[in-house]
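Everything in the sequence shown is counted per this note's numbering, starting at 30 for the first residue and increasing by one.
C-beta atoms are modelled at their ideal positions from N, C-alpha and C, and glycine is treated no differently.
Small disclaimer: the values here were computed from a predicted structure and weren't measured.
To start, the structure itself, in structure tokens.
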Amino acid sequence: MTDATRSTEEVPVLIVGGSLIGLTTALLLARHGVKALAVERHSGTAIHPRAGHFQIRTIEILREMGLEDEGRRKARETYDPEGGIIAVESLAGKEVARFIPNLNVGVDNRSPTGRLFVDQDVLEPMLRRTAEQLGARLRYRTEMTSFEQDAERVRAVVRNLDSGEEREVVARYMVAADGNRSRVRKALGIEMHGYGLLSKSVTLYFEADCAPYLQGRNSGVFYVHNPTLRGFFRLNRAGQRGFLAINVVGADVTRDEAVNVSQGINEERALELLRAAIGVPELPMKVRQIVPWDAEANVAARFSDGRVFLAGDAAHVVPPNGGFGGNTGVQDAHNLAWKLAMVVNGQADPKLLETYDDERRPVGAFTVDQAYGRYATRVVPERGKENLKPIVDDLLIEIGYRYRSSAVIGGSADDPLVQHPDKLKAAPGTRAPHVVLERDGTSISTLDLFGERFVLLTGPEGGPWRAAAEEAASALGVPIDVWQIGGERGLSDVGGRFLEAYALEPAGAVLVRPDSFVAWRASDSASADGRALGRALAAILSRGAA
């Protein structure tokens, strides 16, 4: 087909890739009124569990999208939703280490939700359905074959893999959510840096009656360490089916051959490895599928190039240890979607989009370090730990990171990138803390107030902020929701924690972005000046100086 005969369609945002991150991006953009087009070369949503350990921040985002309850119901059908993570010699053998006794240890009152084991092939159809209901367009069996960009737009050629038909898509922006082998990233010449290839791994999807070996074990993930292999199991609640991911084979894991697991893998070898991992040689079992994959720990040198943005595995690749891959990608999408929407809708200057790289790349690099550390210590400590960064608690990685960019006013360059969430106190650039409130007789979280617009939270004496917010919103054409916590007109502060959690005086205020991160703070109602608030919001949106 020639350029002259191709049809052309225009879209605000083209998303390359329609799996977990592409679907999340499409859904979030649609919630903000931007109906993107996502193209995906596969015929539908995921057919394998793949990502399954979803962390606090991701479940908070699912809650924001109205999908938490359904996700939890479906999770209970398959897994113990709060299982732990242990290491065993084999499923039938003895326990050798306990990494996490319960998935939600340490969450306590820090979130309205909690971590969850739910398979990616269960979650993706929920995302797809909701995205399409909101007007996103998802085109399967379609791949992008080429693209170019200029100062005004991105022009891409997409091809239907069944009919061969090609068409041109003209978009204002493009998001590459096309995985760790991202063709978009390679076309842009963006390099990956980090720890490189760790192993040529393999995942074995199988059926076997493993139930007798799960009795009394509240575990969602079983690491296996024995002379034949090292890897991990995830099994369904009934113990009848699941998968085994293998990173290393053989007793001497220092040999290069030990990490070349997928070479020459066949069903006979797969059964041999499964028997060694389960620890019952005579157990009947069936291999459903063998999937080779590369364990890597790398981050892109930049997350954007002109009008193109990398998200998910296209931007950072981690080994599965710790479950950070899909979670980090969902948070990429959450950070990027509201910014793209505000630019597309004319509410922000395009310079706002530069803050995506400023904010997400340091977090992505830190997460790669943490995932590599867990791989090195849990799977192959013999292969060297000299490059390890200090390993921090999962809670800090999930909700303890801090953004630094022009979309955040205040804070210092000396502030740590990650810190325990109890110490953050709604500091600029950090996730707004969870506090239990009551609205119209219903218990909610402060986090339930965020997601669609900028939100100004004030203390019980912060009444003057309402008029200030109305003035700023009118001047900029950007809606601001105002919620007073405490006082006669405010939401009820059920536990009396709001002021302490947000480090506010009764007349102070905190401006929270649509992604639930604190953008600006004011100490008291003397600062309740609509022009001052407007200048701050304009700076956050790259429309002027604070």
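Give me the Cα-Cα distance between Leu-312 and Ile-473, rounded to the nearest whole angstrom. 49 Å
Beta-carbon contacts of Glu-111 that lie in its chain and below 7 Å, excluding the five residues immediately before and after: Asn-131, Leu-132 and Asn-133
Checking 8 Å against the spacing of the C-beta atoms, do Phe-235 and Leu-303 come in under that value? At the C-beta level, Phe-235 and Leu-303 come within 8 Å of one another.
Sub-8 Å separation of Gly-393 and Ala-344 beta-carbons: yes
Could you give the distance in angstroms between the alpha-carbon of Glu-411 and the alpha-carbon of Ile-115? 19 Å
What are the start and end residues of each continuous alpha helix (DSSP H) run of 4 or more residues lying completely inside the segment 417–442, in chain order? The segment 417–442 contains these whole alpha helix (DSSP H) runs: 423–428.
Helix, strand or coil for Ser-556 per DSSP? Correct three-state label for Ser-556: helix.
Which of helix, strand or coil does DSSP assign to Ser-36? strand
What does the alpha-carbon distance come out to for the pair Cys-239 and Leu-52? Computed Cα separation, rounded: 34 Å.
Enumerate, from N- to C-terminal direction, the unbroken beta strand (DSSP E) stretches of 3 or more residues contained entirely within the segment 452–518. For the beta strand (DSSP E) assignment, the uninterrupted runs of no fewer than 3 residues enclosed by the segment 452–518 are, from N- to C-terminal side, 465–468, 471–474, 483–487 and 509–513.
Distance, Ala-216 Cα to Val-523 Cα: A direct Cα-Cα distance of roughly 53 Å separates Val-523 from Ala-216.
With distances taken from CA atoms, which of Ala-568, Pro-508, Gln-269 and Gly-458 is nearest Tyr-531? Gly-458
Taking the beta strand (DSSP E) that Gly-223 belongs to, which residues open and close that run? The continuous beta strand (DSSP E) containing Gly-223 extends over residues 221–237.
Buried versus exposed, by CB contacts within 10 Å (16 or more), Leu-570: That one is buried.
So, at 7 Å on beta carbons, what are the nonlocal neighbours of Asp-577 in its own chain, with the 5 sequence-adjacent residues on each side left out? Residue 577 cannot be examined here, being either before or after the span of the chain that is shown, 30 to 575.
Can you tell me whether Ile-428 is buried or exposed, with buried defined as 16 or more other CB within 10 angstroms of its CB? With 16 or more Cβ atoms within 10 Å of its Cβ, Ile-428 is classed as buried.
Alpha carbon to alpha carbon, what distance is there between Pro-379 and Leu-56? Rounded to whole angstroms, Leu-56 to Pro-379 spans 21 Å at the Cα level.
Could you tell me which of Gln-162, Pro-41, Arg-263 and Ala-280 sits nearest to Val-198, measuring between CA atoms? Pro-41
Note down the Cα distance separating Asp-469 from Ser-521, rounded to an integer number of angstroms. 9 Å
Just to check my reading of the structure: Pro-78 and Asp-148 have Cβ atoms closer than 8 Å, yes? What is that Cβ distance to the nearest angstrom? 4 Å
Please specify which runs of the beta strand (DSSP E), each continuous and at least 3 residues long, are wholly inside the segment 49–81, giving them in chain order. Fully enclosed beta strand (DSSP E) runs of no fewer than 3 residues occupy 66–69 of the segment 49–81, in order along the chain.
Top-ranked residue by Cα proximity to Pro-154, from Ile-88, Thr-74 and Val-408: Thr-74
Rounded to whole angstroms, what's the CA-CA distance from Ala-404 to Gly-293? Just pull it up for me. It should be pointed out that residue 404 corresponds to Tyr in this sequence rather than to Ala. Going by the C-alpha atoms only, they are around 24 Å apart.
What residue range is occupied by the uninterrupted beta strand (DSSP E) comprising Ala-267? Here Ala-267 belongs to no beta strand (DSSP E), and DSSP marks it neither H nor E.
Using a Cβ-Cβ cutoff of less than 7 Å, which residues in the same chain neighbour Asp-398 once the five nearest sequence positions on both sides are dropped? Here the set comprises Lys-418.
Applying the criterion that 16 or more other CB atoms from any shown protein chain within 10 Å of the CB defines a buried residue, is Leu-566 buried or exposed? Of the residues assessed, Leu-566 falls on the buried side of the cut-off, its CB having 16 or more other CB atoms within 10 angstroms.
When you compare the CB positions of Leu-167 and Arg-157, do they come within less than 8 Å of one another, or not? yes
If you reduce the DSSP assignment to three classes, tell me which class Val-337 lands in. strand
Whole-Å CB distance - Ile-307 paired with Val-290, under 8 Å assumed: Rounded, the Cβ-Cβ distance is 17 Å, inconsistent with contact.
DSSP on Asp-323, reduced to helix/strand/coil? strand
Counting along the chain, where does the beta strand (DSSP E) carrying Ala-20 start and finish? With the chain covering only 30 through 575, there is no way to say anything about residue 20.
For His-222, count neighbouring Cβ atoms within 10 angstroms of its own Cβ and tell me buried if that reaches 16, exposed if not. Answer is exposed; the Cβ neighbour count stays below 16.
Buried or exposed for Lys-452, going by 16 or more other Cβ atoms inside 10 Å? exposed
Assign Glu-296 to buried or exposed, taking buried as 16 or more other Cβ atoms, counted over all protein chains shown, within 10 Å of its Cβ. exposed
My assumption, with CB atoms under 8 Å, is that Val-316 sits in contact with Leu-300. Please give the rounded CB distance. 6 Å
Close Cβ partners of Gly-62 (< 7 Å) along its chain, the five nearest in sequence each way excluded: Non-local C-beta neighbours of Gly-62 in its own chain, meaning closer than 7 Å and more than five positions away in sequence, comprise Ala-370 and Asn-374, ordered along the chain.
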